[in-house]
Structure formats: C-alpha cells, structure tokens
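Q: The UniProt record's numbering applies: residue 1 is where the sequence shown begins, and numbers increase by one.
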Amino acid sequence: MLLQPSIARLLIDSTGTFQPPDEVLQTSLDLYTANSQCKLKLRKRFDSFQWPAASGCSLLIEDIFRTIYTKHPLTGEVAVHKHPFPQLPLFNIVGEAHPALLVHQSLRFRVHHYDSTPGDLLTKLNFMRIDNTVHPGFRRDWSWYWAKDRKASSSAGVKRKALGDANVHHKRHCNPSSKDKVVPNREEVAPVPASSQRKRVRRHGHDARPTK
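1) Taking 7 Å as the limit between beta carbons, can you name the residues of its chain near Leu88, skipping five residues before and five after?
2) So, under 8 Å CB-CB, Leu107 and Leu122 are touching, yes? Tell me the CB distance rounded to an integer number of Å.
3) Taking only runs of the beta strand (DSSP E) that begin and end inside the segment 61 to 117, which ones reach a length of at least 3 residues, in chain order?
4) Would a C-beta distance cut-off of 8 Å place Pro52 and Thr27 closer than the cut-off?
5) What residue range is occupied by the uninterrupted alpha helix (DSSP H) comprising Gln26?
6) State the DSSP-derived secondary structure class of Thr17, mapped to helix, strand or coil.
7) Determine the burial state of Leu31: buried for a count of at least 16 other Cβ atoms within 10 Å of its Cβ, exposed for fewer.
8) Check this for me: beta carbons of Cys57 and Phe91, under 8 Å apart or not?
9) Rounding to the nearest angstrom, what Cα-Cα distance links Ser55 and Glu23 in this structure?
10) For Arg110 and Gly95, what's the separation of their Cα atoms in angstroms?
11) Hey, out of His72, Thr15 and Asn126, whose CA is closest to Ile64's CA?
12) For a quick check, are the C-beta atoms of Leu2 and Thr70 less than 8 Å apart?
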C-alpha cells in the first residue's frame with residue numbers, strides 16, 4: 001500500500017513514524033533488559049544477531065492530521081482515511097531500514113508526544129529507558145579505566161620528576177651557586193696600579209658665541 005508523498009515530511013521532522021510489529025518490539029525489549037542487567041563487556045550489540053522481519057508496520061502520526069490518502073500499488077485505487085484512522089492498513093518499509101532503527105524512531109515519537117498505552121510494548125520500552133539508564137554494574141566496569149589512568153599519571157609523574165632533576169642539574173653547571181664559588185680574601189686581592197699615562201687633562205672650552 002502506498003501513502004501520499006506529504007507523509008515523507010512527517011518522517012523528517014518527527015511528527016510521524018512507522019511502528020514495527022510486536023515481534024520486533026519484543027526483541028528490542030528483551031535485548032534492552034538483558035543488557036541492563038549484565039556487565040558492559042557482556043552486552044550484546046543490536047547488529048550481532050538476526051532480527052525478525054519488520055513487515056506490517058503501523059503508521060504513527062500527530063492528532064493534528066485528520067485525513068490520510070492511500071493508493072493500491074496494483075489497482076491504483078485511492079482510499080480516504082479519516083481520524084482516528086480505524087481502517088488504516090499496515091505498511092511494509094521498502095529499503096534496508098534496520099528494525100532497531102524503526103524501534104528507536106517509534107520510541108522517540110512516543111517520548112516527544114507523551115502518548116502512553118498501558119501494557120503496550122512501546123510503553124514498556126520507555127519505562128525501561130527511564131528506570132535502567134545506568135546499571136550499577138556499568139560503574140564497576142570502569143575500574144580498568146581508572147587503573148589505566150592512575151598508571152598513566154604515575155608514569156607522567158616519573159617523567160616530570162626526571163625532567164625536573166635534569167633541569168636542576170643543567171642549571172647548576174651553567175649558573176653555579178654561591179656555595180660553589182671561591183671568594184678570595186681582601187688580603188689576597190692585589191691592588192691595581194694606577195697608570196702613569198692616564199692623567200687628567202683639562203681641556204679649554206670653545207666659545208661658540210659669534211664675534212663682532
């Protein structure tokens with residue numbers, strides 16, 4: 001079943017999306033639950049296993065839209081659907097959209113529009129996202145990072161100390177301290193004899209005044 005082209009704009013600005021079937025939602029919920037109860041290194045990636053087919057998606061749309069047009073791909077018959085769209089058919093996504101991405105978009109739509117249906121799998125996913133944001137085991141898994149950070153800090157401290165010692169050693173050779181200098185006594189210092197050639201000669205000043 002084909003939709004009107006204006007629906008594409010709804011998918012771009014998150015005012016509409018396609019919700020995958022319950023099999024896909026349940027797979028996402030099971031994966032989320034298992035990953036929130038195990039250590040970080042034991043978590044499973046969403047692309048590491050085979051997901052159920054995301055065929056038969058429901059259209060989620062804001063309440064401000066009152067009319068939707070669909071077209072049969074073979075007969076070309078156009079059907080008009082009015083809000084709340086009780087006879088709106090299911091849709092198959094053409095392309096390579098991963099089912100996990102459809103779940104993510106559906107969850108974003110549910111969160112942004114504050115829509116909640118008790119017992120709905122999408123609502124359970126939303127509660128799982130709120131209640132299990134950070135698992136306690138996730139914090140414990142950061143011990144390797146802090147150990148590595150302490151090791152790097154100690155190594156940097158050793159390097160800084162070695163550079164500091166080398167700098168002090170270099171300064172001692174370039175600028176010896178007062179303890180290293182030998183200061184002669186006053187008796188050991190021989191007086192410098194005055195030169196007989198250096199006599200103070202009084203020079204007469206030149207009168208620069210003009211003569212009459």
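Where a beta carbon is used, it is the ideal one built from N, C-alpha and C, also for glycine.
A: Quick look at the numbers:
1) Leu59, Ile68 and His81
2) 6 Å
3) 67 to 71 and 78 to 82
4) yes
5) Asp22 to Ser36
6) strand
7) buried
8) yes
9) 10 Å
10) 24 Å
11) Thr15
12) yes
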